[in-house]
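The block underneath contains the structure these notes are about, expressed in structure tokens.
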Amino acid sequence: MDGLEEAITGYLERGQTAGGLLLLLASAYIEYVFPPFPGDAVTLLGAVIAARYGWNPVAVFLVLLAGSGAGGMTDYAFGRWLGPRAHRPGIAYLVTRFQRHGEVYVALNRFVPGVRALFFVAAGMARLRPGRVLLFGLVSAAAWNGLIFGAGWAMGANLDRLKALVVTYTRVAWVVVGLVAVALLFGWLRQRARDRDRRA
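Counting in my numbering, the sequence shown runs from 1433 upward without gaps.
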């Protein structure tokens, strides 16, 4: 992805254009439907070009927000389609969790690296209200992007320093995600044990 990132960077450094804004929007969207795409890198770049190259920060912020919202709702629609076709016990347990606390999970999605798209898929499978899912997804994206933009200005639009900061955050976040995954697995195993006891 490094070559693609360099190509995007070179194009955006030429100055603000409608094509550049559309590229940022598409990048934010693709991150949610194709997670290996370096979406966070493009968000970081958006913050840098707004601060260093005179792009309108409001326009950049809004197109990134729109792309995230559209991508998240695409994942949500896939989850709605997938829901009736998924009947495994582990999936049913996760869907039940989302039915209870899904809006909170969606509000946190942007701060979870790598798997944030799955939050919207799960919300779709749990058939949460789409308007609420979109609202909390946009709140999450706005909070994350706002932090990135603020850090960009504080660090003098230094892309390398911003990347290092996000890498450090991502490592810590993955540890937290791992702990949560273990807790969910433990909860699922305990629920299965209870179900067996009831049937006994």
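Positions of the beta carbon are idealized from the N, C-alpha and C atoms, including for glycine.
Could you tell me the alpha carbon to alpha carbon distance between residue i and residue j, rounded to whole angstroms?
i, j, result
"A1503", "A1573", "Sequence check: residue 1503 is Gly here, not Ala. Cα to Cα, G1503 sits roughly 11 Å from A1573."
"P1467", "L1567", "21 Å"
"D1592", "P1545", "19 Å"
"R1626", "V1480", "53 Å"
"G1610", "A1549", "17 Å"
"A1458", "R1630", "50 Å"
"L1456", "R1628", "51 Å"
"W1487", "L1444", "10 Å"
"P1516", "R1564", "21 Å"
Is the Cβ-Cβ distance between residue i and residue j less than 8 Å?
i, j, result
"A1554", "V1527", "yes"
"G1499", "A1460", "yes"
Which same chain residues end up closer than 8 Å to residue i when comparing Cβ atoms and leaving out the 5 residues on each side of it in sequence?
i, result
"P1562", "M1505, Y1508"
"W1513", "G1556"
Could you tell me which of the options sits nearest to residue i, measuring between CA atoms?
i, options, result
"V1571", "R1603, L1496, F1469", "L1496"
"G1582", "L1611, A1524, F1493", "F1493"
"A1482", "F1618, V1599, N1577, V1614", "N1577"
"G1569", "A1615, Y1485, G1534", "G1534"
"R1624", "L1597, Q1448, A1524", "A1524"
"F1543", "V1607, G1478, R1529", "V1607"
"Y1485", "R1603, G1584, R1622", "G1584"
"G1478", "R1529, G1442, F1618", "G1442"
"L1579", "T1475, R1622, E1438", "T1475"
May I ask which residues mark the beginning and end of the alpha helix (DSSP H) holding residue i?
i, result
"W1576", "1562-1586"
"Y1461", "1450-1465"
"Y1508", "1489-1514"
Consider the C-beta atom of residue i and the heavy atoms of the ligand MG; say whether any pair is separated by less than 7 Å.
i, result
"G1447", "The ligand content of the structure shown is nil, which means the ligand MG is not present either."
Between residue i and chain B, is any beta-carbon pair separated by less than 8 Å?
i, result
"I1523", "Reference to chain B is not applicable here, since this structure consists of a single protein chain."
Apart from the five residues on each side of it in sequence, which residues of its chain come closer than 6 Å, Cβ to Cβ, to residue i?
i, result
"F1551", "Y1537, V1538, N1541"
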